[in-house]
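Next comes the structure, spelled out in structure tokens:
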């Protein structure tokens with residue numbers, strides 16, 4: 001043990017890094033008694049090391065080290081010796097350290113139980129969920145399920161959901177974009193029922209964001225959600241709200257409706273595309289804004305492979321023929337392209 005103590009305080013950070021990297025293997029080798037007397041102080045020292053690489057390596061081992069502690073003293077050691085160090089690491093100046101910790105910290109929930117998770121861990125999760133580093137946020141969101149198992153969906157939604165909603169409505173569009181990216185992951189972690197109740201409205205709000213990049217990200221997000229929850233869910237939950245956008249006064253949102261149809265058609269399949277989406281696209285061919293009509297032609301070409309071929313001649317072709325003689329040169333061009341593209345499908 002003197003050698004180990006010497007290594008954790010070695011002047012070369014690479015030596016200390018190697019000790020941190022192999023720490024749980026050392027723990028298994030020496031057994032619970034020596035772990036309690038010697039390894040716990042050594043681990044604390046590594047978590048507080050002056051070098052970020054060493055702190056990151058040690059942070060990576062937090063869950064495994066705590067899990068392997070002797071059950072008799074496990075909770076006491078974690079609460080007294082390890083958690084104070086963990087609290088410091090949550091605010092570490094180095095993003096790699098914070099990210100390493102965020103990838104394992106949720107795993108402390110099953111070890112510490114419901115009360116300690118709510119009392120001591122949730123505040124740390126909230127801090128990390130609002131961290132400026134995307135990787136830290138992602139690591140927290142990716143592991144919500146193991147906390148959910150310990151404290152239940154109700155408690156989770158009361159504590160973490162407001163933070164997620166706050167980020168989703170942040171004034172900085174890049175922050176909003178980051179949360180949109182995590183939404184399919186959150187949906188998978190929290191389940192369809194919870195998603196419909198708490199997060200669905202948020203996803204629809206993004207479609208009408210004033211920043212184009214957000215509307216675009218929200219459109220792609222819908223596709224991923226349909227892949228996750230299925231076409232039937234899309235037809236009853238998402239599609240009616242998307243189609244309602246055709247009545248919006250702002251032509252940008254009417255165009256967003258078309259962009260949504262472009263991605264939903266493939267995810268929803270032929271029946272829903274032909275029966276539900278197509279009539280809306282055809283009705284938009286009369287829009288007073290040329291840019292919308294231009295995109296109607298593009299959408300018809302895009303969704304054509306998903307359509308029941310029996311509707312192409314009687315329904316789609318007459319609309320494209322009309323757009324092909326439109327007063328606007330760009331509308332004519334996109335209609336002509338669509339006619340050729342659909343003809344090539346045979």
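Numbering (the working numbering), first residue to last: 1 to 346.
No residue lacks a Cβ here, since even glycine has one placed at the ideal position from N, Cα and C.
Bear in mind the structure is a predicted one, so any value in this text is a computation, not a measurement.
Under the three-state reduction of DSSP output, residue 299 falls in the helix class. In summary, residue 76 is exposed, with fewer than 16 beta-carbon neighbours lying within 10 Å of its beta-carbon over all protein chains present. Residues 107 and 111 of the same chain have their beta carbon placed closer than 8 Å to that of residue 67, with the five preceding and five following residues left out of the count. Taking all protein chains in view, the Cβ of residue 147 is crowded by 16 or more other Cβ atoms within 10 Å, so the residue is classified as buried. Rounded to the nearest angstrom, the gap between the Cα atoms of residue 100 and residue 25 is 18 Å.
Judged by their CB atoms, residue 219 and residue 260 are nearer to each other than the 8 Å cut-off. Counting other Cβ atoms within 10 Å of its Cβ, residue 302 reaches 16 or more and is therefore classed as buried. Residue nearest to residue 126 within the set 114, 193, 160 and 195 is 160 (criterion: CA-CA distance). The beta carbon of residue 63 sits closer than 8 Å to those of 104, 105, 107, 108 and 111, all from its chain and outside the five residues before and after it, given in chain order.
Around the beta-carbon of residue 345, fewer than 16 other beta-carbon atoms lie within 10 Å, marking it exposed. By the C-beta density criterion, residue 265 is buried, having at least 16 other C-beta atoms within 10 angstroms. Secondary structure of residue 103 (DSSP, three-state): coil. The Cβ atoms of residue 40 and residue 94 do not sit closer than 8 Å to each other. In the structure shown, residue 120 falls within a helical segment according to DSSP collapsed to helix, strand and coil.
Residue state for residue 208 is assigned as coil, using DSSP reduced to three classes.
CA-to-CA, the gap between residue 317 and residue 304 works out to about 11 Å.
Under the DSSP assignment, residue 241 falls in the alpha helix (DSSP H) whose first and last residues are 239–244. Setting aside the 5 residues that flank it on each side, residue 129 is surrounded in the same chain by 137, 140, 141, 160, 163, 164 and 167, each with a C-beta closer than 8 Å to its C-beta; the list follows chain order. Rounded to whole angstroms, the separation of the alpha carbons of residue 213 and residue 278 is 26 Å. For residue 23 against residue 58, the beta-carbon gap comes to about 7 Å, under 8 Å, which counts as contact. Cα atoms of residue 13 and residue 46: separation of roughly 10 Å, rounded to the nearest angstrom. Taken through DSSP and simplified to helix, strand or coil, residue 159 comes out as helix. The three-state secondary structure of residue 110, taken from DSSP, is helix.
When the Cα atoms are used, residue 143 and residue 314 turn out to be separated by approximately 51 Å. The C-beta of residue 334 has 16 or more other C-beta atoms within 10 Å across all chains shown, which makes the residue buried.
Of the candidates 309, 242, 177 and 21, 309 places its Cα closest to the Cα of residue 274.
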